[in-house]
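The next block holds one structure in the form of structure tokens; read it before the comments.
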Amino acid sequence: MTYAAHLAGTAVACYLTATVLLRSTWTARSPRVAIICWQAIGLALGLCAIGLPMSIGLAAYDEGIGSALLHLVRDLWHGTLPAGLGVTQLALVGVGFGIATALLGSTVRGLVSAVRVQTRHRQLLDLVGRDDPAAPGALVLDHPSAAAYCLPGMRPTVVVSAGTLDLLDRTELAAVLTHERAHADERHDLVLLPFSALCRALPLVGWLRRASETVALLVEMRADDKARRLHAEGPLANALLRFATAGSRVAPAGALGLADAHLDARVQRLLVTGPRPWVRGLTSLAVATTLVALPITLFFA
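In the working numbering, the protein residues as written are -19 to 281.
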């Protein structure tokens, strides 16, 4: 098989694996493994999108994309292109570079935009936030609505509103704070960033939007798990139910909020425990690792 055929097959395998993951129920019981699988699929898809047009354009060299690019630069310098490499093939190589630029640019723009929004919000918090012994390690906003979120970054900040302090008891508040600190500790904002970039760079790939939403939910479930380990499932489930009843608003732009997504599903998951799906999780992880290894190997073969 040619390099292009391998990359095309990998792209199809990425789609099929993503379709299976979107329909799977085991991911809710092992969100960390599921997140890793999705990251591998996203990286593999990005590499395939870049490498497929390049490999078609560089087919005359019959070698890995990295080596072929080096030979192309050398031949362009000397003006001695091989037979079968014309304007169309060079255009395909340009398409590959264009996709790479779009993906990298989308990621950088998303990161810069998030940092800008977070900086503005952090400056606002410095003015209106206050410390409160009832919420150790968090800033409190004097607002009657219930809200709790993490503002990620180099200086992650957990924020709760005065309405949240009135709404939750001590154990529920402790579980909520642990949930938000989990977002900061595991840099879940960076987990979500590549999928947002893929959605912007490849808007015609419809399932990427569903995948991005799925990863956002898995990130919340992962933070729920860390809170459950320290505080059991009851306090966090009660807190989520109270937020749902209070009609809590979502977190501001650039932040990760407790009540942003699928509260009913998350409460049900916390209350109905089950064994971890080790076999399916490890199988999916092996498949995802293979998918990302293939295009990397083809780039450097």
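Here a beta-carbon is modelled for each residue, glycine too, at the ideal position from N, C-alpha and C.
Here the structure is a predicted model, which is why all the values come from computation and not from measurement.
In the three-state scheme derived from DSSP, where H, G and I count as helix and E and B as strand, R9 is classed as coil. Looking at the DSSP output, R110 shares a beta bridge with V120. For the pair T60 and L49, the Cα-to-Cα distance works out to about 14 Å.
In this model, T81 and A14 are separated by some 28 Å (Cα to Cα). In this structure, S47 sits away from P257, with a CB-CB distance that is not shorter than 7 Å. Taking C-alpha positions only, A235 is separated from A(-16) by approximately 40 Å.
Per DSSP, reduced to three states, the secondary structure at L104 is helical. By the neighbour-count definition (other C-beta atoms within 10 Å, threshold 16), S35 is a buried residue. Rounded to whole angstroms, the Cβ separation of S141 and A164 is 18 Å, and the two are not in contact under 8 Å. At the C-beta level, I30 and I79 come within 7 Å of one another. Apart from the 5 residues on each side of it in sequence, H242 sits with its Cβ closer than 6 Å to the Cβ of L197 in its chain, given in chain order.
Beyond the five residues adjoining it in sequence on each side, L265 comes within less than 7 Å, by CB distance, of V13, I16, C17 in the same chain, given in chain order. For V53, the uninterrupted alpha helix (DSSP H) segment begins and ends at 45 to 58.
Rounded to whole angstroms, the gap between the alpha carbons of F223 and R89 is 33 Å. If one requires a minimum length of 3 residues, no beta strand (DSSP E) run lies completely within the segment 139 to 223.
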